[in-house]
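Counted the way my numbering counts, the sequence shown spans residues 108 to 220. Note that CB positions come from ideal geometry on N, CA and C, so glycine has one too.
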Amino acid sequence: MENQEIDVRPFAYALSLISGKWKMHILFWLWKKESLRYSELKRCLGTVTHKMLSAQLKELESDGLILRREYPQIPPRVEYSLTFRGQSMMPILSELCRWGHQHMPQDVPQKTA
108 MENQEIDVRP
118 FAYALSLISG
128 KWKMHILFWL
138 WKKESLRYSE
148 LKRCLGTVTH
158 KMLSAQLKEL
168 ESDGLILRRE
178 YPQIPPRVEY
188 SLTFRGQSMM
198 PILSELCRWG
208 HQHMPQDVPQ
218 KTA
């Protein structure tokens with residue numbers, strides 16, 4: 108096994124799509140709520156800045172993980188949801204949640220949105 112080369116590219120690519128402080132949180136909330144308006148998403152995330160949220164959303168959209176749907180009305184309404192590609196990552200998030208349930212200390216405060 109030591110002489111066998113390891114191709115790190117698939118791992119590095121997958122990680123590049125979800126790296127960033129808020130991307131996994133955004134994907135989590137869109138998974139749980141299916142569709143969220145910008146303000147709802149910002150409320151779910153709590154301390155994220157407008158600049159950071161906008162940048163992370165643009166990257167996730169550019170990578171094909173989320174869909175930005177703009178409705179032509181006044182005031183403008185924008186909703187975000189997971190694409191099929193984004194939904195295909197949800198088994199990974201589900202396993203992370205399962206692991207967290209199994210290993211989380213009892214004194215971690217509960218957060219809901």
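(request) Identify whether Ile173 lies in helix, strand or coil by the three-state DSSP scheme. (result) Strand at Ile173.
(request) Quick one: grab the DSSP three-state call for Glu186. (result) DSSP places Glu186 within a strand segment (E or B) once states are collapsed to three.
(request) Take every Cβ of the region 116-134, pair it with every Cβ of the region 159-166, and state whether three or more of those distances are shorter than 8 Å. (result) Enough Cβ pairs lie closer than 8 Å, so yes.
(request) Go ahead and pull the three-state DSSP assignment for Ser142. (result) In the structure shown, Ser142 adopts extended strand secondary structure according to DSSP, grouped into three states.
(message) I need the straight-line Cα distance from Met131 to Ile181, nearest angstrom please.
(response) Approximately 31 Å, taken between the alpha carbons.
(message) Can you confirm whether Val215, when its beta carbon is compared against all beta carbons of chain C, has any partner nearer than 8 Å?
(response) Annotation note: the requested chain C is absent from the structure, which comprises a single protein chain.
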